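**Student:**
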Amino acid sequence: MLSESQLNLLKNNSSEALAQNFQRLEDIAKLSSAAALNDDELLAFLTACNTLYRNGEPLISDAQYDSIFLSELAKRRPDHPYLHAVEPEQAFTGKTITLPQRMLSTEKAYSQNAVEKWLDNVEKAAVALDINPEHLIFRATPKLDGFAAYDDGKILYTRGDGRKGTDISRVFDRGLIVGGSGKRGLGAGEIVVTQSYFNQHLADTFENARNFQASIIKEKTLDEHALQAINNHAAVFFPFSELPDWQGTGKEIRANFDNIVSQMHTKVDYDIDGIILEATDPAVKDYLGATRHHHRWQIAYKQNAETAQVKVVRVTPQTSRSGRVNPVAELEPTKLSGATISRATAHHYSMVKEQGIGPGTLIELTRSGLVIPKIERVINPQTPQIPDICPSCGTSLVWDSDYLYCLNNTHCPAQIKHSIEHFFRTLANNDGFGTKTIEKLHANGINSVFAIYQLTLEQIIDIGLRSQDGKNLLAKNLLKELERSRSEVIEDWRFLGAFGIYRMGLGNCERLLQHHKLLTIFDLSVEDIILIEGFADKTAQAVVKALTLIKNDFMNIHGLGFNLIETPLLGEKQTATSPIAGLTIVFTGAMQHGKRDDMIKEAKRLGANVGSSVTGKTDMLVTGSDVGATKLNDAKKFNVKIVDEADYLSLIGDSRN
Ligand SMILES: [Zn+2]
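Straight run, no breaks: the sequence shown in my numbering ends on number 719.
Now the structure itself:
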């Protein structure tokens, strides 16, 4: 049940329909999988949870939020802005002001393996800078689970959206002190309360520590217990730079990982939800830089991942919509982080083969941010179990790099059924076309989306999709749902995504339609598509090929008449006003601003053509550090303008976002 204050928070802070549908919110909060929610509902739920969390009234636990809902969004739409924005924070009353420094989120890792990958990256950066990676010093600190704020010595800011926060200096006027050395102006930190004090003195008044933290920030008069906690210095603002830490090399972290992690848990008497690891060398930090979301030189390790050793019963092949055959390891049922796990995914059959996954294999399983766990490590390999033929149609399978494929795209029942299911599920404006119905239709020779839309009531009844009552409600309902799927509005990118085109997830569909109108995409060339951010050469080639293959089918279904909302074209204005629009640019050397790939995409987005070598057609050569002589000589030969990275960035400055 939502509490009264939760109800009020939602009423006051959101106009979203879902945020006002309290029964539905409660129902969703109880789900153990978010697979059944459509994208909009999933996003609305995440947003509502976030509003409640930021106000100290969480609806679900952090682990549920991460592992059930956020991970689902990441799975479906890895590029969704929600995932890459710093989570918005409910503004407290006070002046909104630009933060002296951007406050980013922290990238999270759920396994030692992931932390080691990050260490590898940092060490690679050191090598690129001629720094001996063995001498790099890393710092580990507890990851405080409090209320993030920034202290510039005069003002205390909330994190807000990472760029602009709210002035909450009033908490210092209320007597809150700075933890550690007590000095002001030490930058980012968290408002926290000691666990022992909270349990002893505050637990009766406040539901949880977050609830308490929010209460001391709010403008309204302080609760007397809260005031006392401040006066007793149990609640403080703790700057990150003042945290007790562990320092050492990457080698030591790899060797003593568990030990370092458990040390962190005893360093402070505040709630912590993991540990932070960061590089300390300023040159390395500079080199690695940041994404819009997080610093690349820092990572948070969250330990909510529990591991277990489990025996594999067998490896079952499953043919997907694309014909890729995926290995699913059926396991002896095992309890892990409160859930019973009976299957796990091996990444691909190459892994099954190389690591010896078959009946009797002992594996290590980690349940982390993912709903279906992945096989983390093979402890005791056995003979791998690898299929020769497609489990659905019997066609001989072929290897393509690490994967096994059934190439019988037109007649493989599994591929057809999954494609139909994918179509109706992606439209997300209809019900009734689940696995069972589609099985039944397929068994009766109805094996395309188009054929389903041609069905008459009599045919559906003949197929046996009738209910016991003899009123044929089920059949009538299916027809009604087909009708609804065409009359209810849907975004055109979602409609396109429903066709399950190779490499065209919803994110890519939306991006494509932001640049080209739906019915023109079949005429696009590889070159046209490469110009769009997010499409590399190979993807563009695959997309053009796949579009040709589905064109007929697409036109037939589109011709049935769907109620599509056109994606607004973007970039027209941006491209026209960009100072590099129409220029051919070549990048060379190591860039400081970010990865070269990202800079290339940005340039394309701003309307430039990007070449790989300097020719007579090149307009500009952008140079990073360690530039090779060839390109510079060519640039001089062809009289190409040479611009260094900083000048280039200031040139495009206003066009960036
Ligand atoms: Zn097959």
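Here a beta-carbon is modelled for each residue, glycine too, at the ideal position from N, C-alpha and C. These numbers were taken from a predicted model, which means no experiment stands behind them.
Tell me where the beta strand (DSSP E) around Ile338 begins and ends.
**Tutor:** In the sequence shown, counting from the first residue as 1, residue 338 sits at position 276. 334-341 is the extent of the beta strand (DSSP E) around Ile338.
**Student:** Check whether the stretch 252-265 and the stretch 195-203 are in contact - that is, three or more C-beta pairs closer than 8 angstroms.
**Tutor:** Counting Cβ pairs under 8 angstroms, fewer than three are found: no touch.
**Student:** Given this structure, state the Cα-to-Cα distance separating His142 from His577, to the nearest angstrom.
**Tutor:** The residue you call residue 142 lines up with position 80 of the sequence shown. The residue you call residue 577 lines up with position 515 of the sequence shown. When rounded, the distance between both Cα atoms is 18 angstroms.
**Student:** Should the stretch 408-428 be regarded as contacting the stretch 440-456, the criterion being three or more beta carbon pairs within less than 8 angstroms?
**Tutor:** They touch, by the three-pair rule.
**Student:** Give the straight-line distance between the Cα atoms of Ala81 and Ile437, rounded to the nearest whole angstrom.
**Tutor:** Along the sequence shown, one-based indexing puts residue 81 at 19. Along the sequence shown, one-based indexing puts residue 437 at 375. Going by the C-alpha atoms only, they are around 37 angstroms apart.
**Student:** Hey, Ile338 and Ile279: beta-carbon distance below 9 angstroms or not?
**Tutor:** Counting from 1 along the sequence shown, the entry for residue 338 is found at position 276. Counting from 1 along the sequence shown, the entry for residue 279 is found at position 217. No, the Cβ-Cβ distance between Ile338 and Ile279 is not below 9 angstroms.
**Student:** Can you tell me whether Met63 is buried or exposed? The criterion is at least 16 other CB atoms within 10 Å of its CB, across all chains shown.
**Tutor:** Taking the first residue of the sequence shown as position 1, residue 63 is located at position 1. With fewer than 16 Cβ atoms within 10 Å of its Cβ, Met63 is classed as exposed.
**Student:** Would you identify the three-state DSSP class for Ala608, choosing helix, strand or coil?
**Tutor:** On the sequence shown, residue 608 is found 546 positions in, with the first residue counted as 1. Note: Ala608 maps to helix in three-state DSSP.
**Student:** In angstroms, rounded to a whole number, what distance separates the CA positions of Val702 and Lys693?
**Tutor:** The residue labelled residue 702 in the question sits at position 640 within the sequence shown. The residue labelled residue 693 in the question sits at position 631 within the sequence shown. The straight-line gap from Cα to Cα measures roughly 10 angstroms.
**Student:** At which residues does the beta strand (DSSP E) containing Tyr127 begin and terminate?
**Tutor:** Taking the sequence shown and counting its residues from 1, one reaches residue 127 at position 65. Run containing Tyr127: none; DSSP gives neither H nor E here.
**Student:** In the DSSP assignment, find the beta strand (DSSP E) that holds Thr113 and state where it starts and stops.
**Tutor:** As a position in the sequence shown, residue 113 is number 51, starting the count at 1. It is not in any beta strand (DSSP E) - Thr113 instead sits in the alpha helix (DSSP H) that spans 101-116.
**Student:** Would the beta-carbon of Gly456 be found less than 8 angstroms away from any heavy atom of ligand 1?
**Tutor:** Here residue 456 corresponds to residue number 394 of the sequence shown, with the count starting at 1. Yes, since a heavy atom of ligand 1 falls inside the 8 angstroms radius drawn around the Cβ of Gly456.
**Student:** Is any non-hydrogen atom of ligand 2 found closer than 8 angstroms to the C-beta of Leu626, if you look at the structure I gave you?
**Tutor:** Inclusion of ligand 2 in the displayed structure is not the case, the ligand content consisting of ligand 1 alone.
**Student:** Could you tell me the boundaries of the beta strand (DSSP E) in which Tyr363 lies?
**Tutor:** As a working note, residue 363 is residue 301 in the sequence shown. Unbroken beta strand (DSSP E) run through Tyr363: 360-363.
**Student:** Identify, in the order they occur along the chain, each residue of the same chain with its Cβ nearer than 7 angstroms to the Cβ of Glu178, setting aside the five sequence neighbours on each side.
**Tutor:** Stepping through the sequence shown from its first residue, residue 178 is reached at position 116. Answer for Glu178: Arg316, listed in chain order.
**Student:** Would you say Pro120 and Asn270 are within 9 angstroms of each other, going by their C-beta atoms?
**Tutor:** For the purposes of this step, residue 120 is taken as the residue at position 58 of the sequence shown. For the purposes of this step, residue 270 is taken as the residue at position 208 of the sequence shown. In this structure, Asn270 lies closer than 9 angstroms to Pro120 by Cβ.
**Student:** So is the beta-carbon of Ala476 under 8 angstroms away from any non-hydrogen atom of ligand 1?
**Tutor:** What you label residue 476 is simply residue 414 of the sequence shown in a count that begins at 1. The answer is yes for Ala476.
**Student:** DSSP three-state label for Phe84, please.
**Tutor:** Indexing the sequence shown from 1 puts residue 84 at position 22. In this structure, Phe84 counts as helix in the three-state DSSP scheme.
**Student:** Where are the alpha helix (DSSP H) runs, 4 residues long or more, that stay fully inside the stretch 543-597, in chain order?
**Tutor:** Taking only runs of at least 4 residues, the alpha helix (DSSP H) segments lying wholly in the stretch 543-597 are 554-559, 568-575, 588-592.
**Student:** Could you give the first and the last residue of the continuous beta strand (DSSP E) run that contains Gly312?
**Tutor:** On the sequence shown, residue 312 is found 250 positions in, with the first residue counted as 1. It is not in any beta strand (DSSP E) - Gly312 instead sits in the alpha helix (DSSP H) that spans 312-317.
**Student:** Can you tell me whether Arg246 is helix, strand or coil according to DSSP?
**Tutor:** As a working mapping, residue 246 is identified with position 184 in the sequence shown. Coil.
**Student:** What does the alpha-carbon distance come out to for the pair Asp223 and Thr629?
**Tutor:** Numbered from 1 along the sequence shown, position 161 holds the residue referred to as residue 223. Numbered from 1 along the sequence shown, position 567 holds the residue referred to as residue 629. Cα-Cα distance, rounded: 27 angstroms.
**Student:** Compare the C-beta of Ile322 with all C-beta atoms of chain B and state if any pair is closer than 9 angstroms.
**Tutor:** The question asks about chain B, but that chain is absent: this structure has only one protein chain.
**Student:** Relative to the C-alpha of Leu248, which candidate in Leu264, His327, Asp214 has its C-alpha closest?
**Tutor:** The count along the sequence shown starts at 1 and reaches residue 248 at position 186. Out of Leu264, His327, Asp214, Asp214 has the C-alpha closest to the C-alpha of Leu248.
**Student:** Closer than 8 angstroms by C-beta to Val672: which residues in its own chain qualify, once you throw out the five before and the five after it? Chain order, please.
**Tutor:** For the purposes of this step, residue 672 is identified with residue 610 of the sequence shown, where counting begins at 1. Thr646, Ile647, Val648, Phe649, Ile662, Ala665, Lys666.
**Student:** Taking the continuous beta strand (DSSP E) assigned at Val648, which residues delimit it?
**Tutor:** Position 586 of the sequence shown holds residue 648. Unbroken beta strand (DSSP E) run through Val648: 646-650.
**Student:** Taking the beta carbon of Gln163 as the centre, do at least 16 other beta carbons fall within 10 Å, making it buried, or is it exposed?
**Tutor:** Taking the sequence shown and counting its residues from 1, the one referred to as residue 163 is at position 101. Under this definition Gln163 is an exposed residue.
**Student:** Is Asp472 near ligand 1, judged by its Cβ being under 8 angstroms from some heavy atom?
**Tutor:** Here residue 472 refers to the residue found at position 410 when the sequence shown is read from its first residue. The sequence shown places Thr at residue 472, rather than the Asp named in the question. The answer is no for Thr472.
**Student:** Given 8 angstroms as the limit, tell me if Gly496 has its C-beta closer than that to any heavy atom belonging to ligand 1.
**Tutor:** Position 434 of the sequence shown, counted from the start, is the residue given in the question as residue 496. No, the beta carbon of Gly496 sits no closer than 8 angstroms to any heavy atom of ligand 1.
**Student:** Between the C-alpha atoms of Gln85 and Glu134, what's the straight-line distance to the nearest angstrom?
**Tutor:** Taking the sequence shown and counting its residues from 1, the one referred to as residue 85 is at position 23. Taking the sequence shown and counting its residues from 1, the one referred to as residue 134 is at position 72. Cα-Cα distance, rounded: 22 angstroms.
**Student:** Shorter than 8 angstroms, the distance from the beta carbon of Thr378 to the closest heavy atom of ligand 1, or not?
**Tutor:** The residue given as residue 378 occupies position 316 in the sequence shown. Result no, Cβ not under 8 angstroms from ligand 1.
**Student:** Could you check the C-alpha separation between Lys186 and Tyr349 for me, to the nearest Å?
**Tutor:** The residue given as residue 186 occupies position 124 in the sequence shown. The residue given as residue 349 occupies position 287 in the sequence shown. If you take the alpha carbons of Lys186 and Tyr349, they lie about 11 angstroms apart.
**Student:** With distances taken between CB atoms, is the gap from Asn492 to Ser547 smaller than 9 angstroms?
**Tutor:** To locate residue 492, count along the sequence shown from 1; it is residue 430. To locate residue 547, count along the sequence shown from 1; it is residue 485. Yes, Cβ-Cβ distance for Asn492 and Ser547 is below 9 angstroms.
**Student:** Quick one: does the C-beta of Asp111 sit closer than 8 angstroms to a heavy atom of ligand 1?
**Tutor:** Position 49 of the sequence shown, counted from the first residue, corresponds to residue 111. Correcting the residue identity first, residue 111 is Cys in this sequence and not Asp. It does not: the Cβ of Cys111 is nowhere closer than 8 angstroms to a heavy atom of ligand 1.
**Student:** Which of the three DSSP states is assigned to Tyr710 in this structure?
**Tutor:** Here residue 710 refers to the residue found at position 648 of the sequence shown. DSSP places Tyr710 in helix when its eight states are reduced to three.
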